[in-house]
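Below is one structure, written out as structure tokens, with a few remarks after it.
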Amino acid sequence: MAKDEIIAKLMADLAQANADKEDLQAQITQEEEDNVILHNIIDEQDVEIVGLTSNDTRNRKQIIDLLYDRRVCYNNIDDQAYEIGELKAEVSRQNRKLDDQERKIEELEAERNIYERVNDEDNASRSSDSSCTDYDLMDLTSDEEEEEEDINQDNEISSTTGNNGSDNSSAAGIKSEGEAMDHN
1 MAKDEIIAKL
11 MADLAQANAD
21 KEDLQAQITQ
31 EEEDNVILHN
41 IIDEQDVEIV
51 GLTSNDTRNR
61 KQIIDLLYDR
71 RVCYNNIDDQ
81 AYEIGELKAE
91 VSRQNRKLDD
101 QERKIEELEA
111 ERNIYERVND
121 EDNASRSSDS
131 SCTDYDLMDL
141 TSDEEEEEED
151 INQDNEISST
161 TGNNGSDNSS
171 AAGIKSEGEA
181 MDHN
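So for the sequence shown, the UniProt record's numbering puts the first residue at 1; every next one is plus one.
Structure follows, in structure tokens:
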């Protein structure tokens, strides 16, 4: 019996060893499957890392592009601010020119008003003179014609000398009127 017991015990040990072997084999298979799963996860993570790196590169490029665009915008703003300053200066120059022209117009209108007033006063004094005869009226008409000739001659002289014609003609007209009064 001892031999049968030893054989039975060895068979039991062998069966246990086979069972342990199968358990170990199952564990090895499970670990290999787990390793495959982990490798797949690692591969997926590698793909994600590549994608994130690509996104990061794109984002960095976008940031660089945005910074460049911002610099361009600031430069454009500076250029436009300079142009606005130039335009304001030009508007100021134009306004000064307009003011000068308005002053000249006012001066010319004042001269014209003085000339008209002198002319009106002269006409009023002539029409109020009740002692005029037909001969005197004809004499006044010839004096007026002489005045016009004098004014025309003065205008021709002033235009050839390059002086302001309106100043000379008004002065000549006043002078001629004075001479006409002296003839009376």
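A virtual CB, placed ideally from N, CA and C, is assigned to each residue, including glycine. Only a predicted model underlies this, so the values are computations on that prediction, with no experimental measurement involved.
Distance cut-off 7 Å: residue i Cβ against heavy atoms of the ligand ADP
i: E116; result: Absence of the ligand ADP is noted for the structure shown, with no ligands found whatsoever.
Burial state of residue i (16 or more Cβ within 10 Å)
i: I157; result: Residue placement at I157 cannot be trusted, given a pLDDT of 48 that sits under 50; the coordinates are not used to answer.
Contacts around residue i, its chain only, beta-carbon distance under 8 Å, and the 5 residues preceding and following it disregarded
i: T161; result: A caution first: T161 carries a pLDDT of 46, below 50, which makes its placement in the model unreliable, though a value can still be read off. There are no such residues.
Chain C within 8 Å of residue i, Cβ atoms only
i: A89; result: Among the chains of the structure shown, chain C does not appear; only one protein chain is present.
Spatial neighbours of residue i in its chain, beta-carbon cut-off 6 Å, leaving aside the 5 residues before and after
i: D100; result: none
Where residue i falls: helix, strand or coil (DSSP)
i: I6; result: helix
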